[in-house]
Every structure is written in structure tokens, then in C-alpha cells.
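Numbering (my numbering), first residue to last: -12 to 417.
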């Protein structure tokens, strides 16, 4: 079961786990080795500088990129809580149609007669935000800005100049040059591009205002979506702080390629592998490995005891989730983060259920159940599906990692050669 959980995590392209595996375990070491190999064509001295710069750049950036947004959001949530609001409340509940089956008024009315403490506490949180919606929206907007801007500024506009300054200092020491500059001047003497960093500093600027619908959209972005946004800002930062225009061109090539291979390519690879598996083995492998590895689920299929919503309509799905909390469908939806329940077992009225996602989830259940029932041996069918799904996920990680860790860095240095006539990193040329 632990293995299924690990494979499930790295196979979820909506989470940061595939990025963590590809970035820290495979991509970064490979990029460092390729950078050293290519710069050795010039000299060992330059190769040493390139290796050090790439090591600092890649690992520091990875730490900030992967951990910066969750950490900033955690701090922001504590701030929101101190202001008397619950950060658990989904702002979508305040921006839906009055006739919708999910909004603040409907949820308050639906759960108000349930006298359990956790339900009443959740409703109190809803009412507090309802009475101070503008303030809460403002807090969510600031949380989004902080979570995306702070890591972006550090990765794109602070780290590169400091890294470059360290290289200059080491080169000066290596050359035996003696200067009376202070440590601050030597480590913080940015290049001519330091003006770009100053331009991005926030100096009492008026915060942008957002409408409720925009606030709702940004508040519901996944961490991986915010990472994509910060990656875009990182690209701007890296190009802006480049030591010369050739380094800017190479950085733009590298960063844009990385964004595509991190956030776009894996999704299509996963879809392609799942379709190929369906065609080759006549097995639907869209369900998560956690579900495929669950014996209770397999036994329930054999005994015909799987309960599902009557249809994919919002009414039927919500009614099922509210009355069949102990069903396997509801349990797996909860485990995969598609629905939230309070400790008392009632659906959390502060959260918003994505009906389109739940409808897709229901169809995946139905397709797998149908395939299992049509097979000669349900247990064998499920076991085969689990292994195929696991192999697909590992293949996706492998293919994506090869593209990011092997193909992209090599392409970057070929582009470098085309632009500069040399494989040496443009910023390290003497």
C-alpha cells in the first residue's frame, strides 16, 4: 500500500511531487554534470566556475521554488486566522449564482440544523466571512501576491546577482588582485543589470484591486499552478539579471523550455501512455493506483456492491456525498482531495466541490468496473491494471526527466554555440 501511495503521489501532475522527483533527484544533478562537461571544452577554471554557479543556482532555486509557495501560504494562513477568519473557506461559495446548489446561503441553510460542534463552528466561519466578504477577499489577494511574488523575487532577482558576485570575488582572489572593498561591497556589487532588480522592488506601491470573480479564480489555483506563475516570473528575472545579452538569450531558451517540459509535456505524456495501455491491454488505467491497490474495492466489484451517484448532475453528486459518506466512492474522493469531510462525518460546508471533476471521477469508476466485470478474472484484471498504471507513471517520470535532464541542457548548449560561437556559458567568458 505504501508503494501505491508513492506511485500515486509522483503520478499526480496536479501536485508538486512529480516536480520534486524530477527536479531534485534527476534534473539538477544532470544539469550540473552537463554544465561542467561543456565548459571543460574551454578550460578547467571556467568549468569550475560553471559547476559552482549551476550547483548554487539549481539547488537554491529548487528549494525556493518547491517550498517557497507552501511556506508563504502557511504564514499567510496564520495571519488570516489572527484576523479572525478561517483560511479554509473557499471564496467560490460567495460568487456562485443564487440558484446554485453550492453557495454560502445554501450551505448555511442546509447544515444549520445539525447541532454538532464542528458543523456549527464551520457555519460560524462562513457567517463571519459573509459579513466581511470584502475584507476576506483582500486578505486572499494579498496571500496570492505574497505566495507568488516573494519566491519569484528571491529566485529571479536576488539569487542570480549574488551568485554572480561570488564568482567575481573568487576570480579576483584567484588572480591575486587585492582590493580594499568591504565584504558588503564585494558581495553586493551587482552588475549593470542591478537596476532591473531595483525596479522590481515594492516601495509603498498601491496594491492592485481584484473583483470577486478574479479573487475566486486566484484563490482556487493549485500550488502547482502558482509554481507555473512563479516560473514565468523567474524567467523574466533570469533574463533581466543576465550579465550580457547572450546570457539573456540562453537563459530565455532554458527557462521557457523548462516551463513547457515541467507543466505541459507530462500531462500529455500521461494521457498518451494511458490511451496506449487501453489499446494494447484493453485496460482502463485512469483510476489512481491507491484505488487499484485497494482489496475492499476489488471485493466490492466482485460482489456488485459498488455505490455511485445516480448521475453526473450537481444535485445527484452532492446528495450522494452527503448521504453516502461511508461509500468507497466518497472515501476515495476524500483521500484524493476531491471532497472534504469534518470529523463528525458531514461534508465541510466551507469547501467547494468541483462537480466536473467528480463527474469525471464517477465515469472513471464506471469504466473500470465495466471492464473488470467483463474480464474472466476480476482480481487478475485489477492486478494487471495496477501494474500497468504504475509502469505508466514511472515511464512518464522517466521520459519527462530525460527531456529535462538530458535533452534540454544539451539543446541549451547547442543554442549557446549557435549564439556565441562557443559552448562556454556566456556570463563566464573572460
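C-beta atoms are modelled at their ideal positions from N, C-alpha and C, and glycine is treated no differently.
- Counting along the chain, residue 55 sits inside the alpha helix (DSSP H) bounded by residues 31 to 69.
- Just so you know, the alpha carbons of residue 385 and residue 13 end up roughly 9 Å apart.
- Going by beta carbons, residue 377 and residue 276 fall inside the 7 Å limit.
- Sequence-distant partners of residue 161 (beyond 5 residues in either direction) whose C-beta falls short of 8 Å from its own C-beta, in its chain, are 32.
- Residue 68 and residue 130 have their alpha carbons spaced roughly 12 Å apart.
- Residue nearest to residue 344 within the set 300, 80, 222 is 300 (criterion: CA-CA distance).
- Using a C-beta cut-off of 8 Å, the region 340 to 356 makes contact with the region 312 to 329, since at least three inter-stretch Cβ pairs fall below that distance.
- Cβ neighbours of residue 7 within its own chain (closer than 7 Å, five residues either side excluded): 53.
- In this structure the region 57 to 74 does not lie against the region 96 to 106, because fewer than three pairs of beta carbons, one per stretch, are closer than 8 Å.
- By the CB criterion at 7 Å, residue 260 and residue 379 fall inside the cutoff.
- Of all alpha-carbon atoms in 372, 111, 42, 39, the one lying nearest the alpha-carbon of residue 335 is that of 111.
- For residue 60, the CB contacts under 7 Å within the same chain, skipping 5 residues up- and downstream, are 130, 134 in chain order.
- Contact between the region 86 to 99 and the region 39 to 58 is absent: fewer than three C-beta pairs spanning the two stretches fall below 8 Å.
- Within the same chain, Cβ atoms closer than 6 Å to the Cβ of residue 246 are found at 218, the five residues on either side in sequence being excluded.
- The way I'd put it, the region 387 to 403 doesn't touch the region 293 to 313; fewer than three beta-carbon pairs between them come closer than 8 Å.
- In this structure, the straight-line span from the alpha carbon of residue 308 to that of residue 108 is close to 20 Å.
- For the pair of segments examined, the region 111 to 128 was found not to touch the region 16 to 34: the number of CB pairs separated by less than 8 Å stays below three.
- Scanning its chain for C-beta atoms nearer than 8 Å, with the 5 sequence neighbours on each side dropped, one finds around residue 113 the residues 76, 80, 91, 94, 95, 336, 337, in chain order.
- No residue range can be given for residue 142, since it is assigned to no alpha helix (DSSP H) and is classified by DSSP as neither H nor E.
- Take residue 287, set aside five residues on each side of it, and the residues of its chain with a beta-carbon closer than 7 Å to its own are 293, 315, in chain order.
- A buried status is given to residue 349, since no fewer than 16 other beta-carbon atoms sit within 10 Å of its beta-carbon.
- Per DSSP, residue 364 lies in no alpha helix (DSSP H) segment and is marked neither H nor E.
- Only residues of its own chain outside the window of five on either side were considered, and among them 406 have a CB closer than 7 Å to the CB of residue 236, listed in chain order.
- Residue 104: member of the alpha helix (DSSP H) spanning 104 to 118, first to last residue.
- Secondary-structure assignment with DSSP links residue 334 through a beta bridge to 328.
- One Cα belongs to residue 310, the other to residue 318, and the distance between them is close to 12 Å.
- With a cutoff of 7 Å on beta-carbon distance, residue 253 and residue 49 are scored as not near each other.
- Following the DSSP letters along the chain, one finds residue 211 inside the alpha helix (DSSP H) bounded by residues 210 to 227.
- Annotation: residue 284 to residue 364 spans about 15 Å, alpha carbon to alpha carbon.
- Contact check for residue 279 against residue 398 fails: the beta carbons are separated by 7 Å or more.
- By alpha-carbon distance to residue 144, the top candidate from 224, 116, 214, 115 is 224.
- Residue 392: not part of any alpha helix (DSSP H); DSSP gives it neither H nor E.
- Nearest neighbour of residue 3 by Cα position, chosen from 57, 28, 16, 18, turns out to be 57.
- One thing to note: residue 25 has its Cβ within 7 Å of the Cβ of residue 410.
- C-alpha of residue 267 to C-alpha of residue 289: approximately 24 Å in a straight line.
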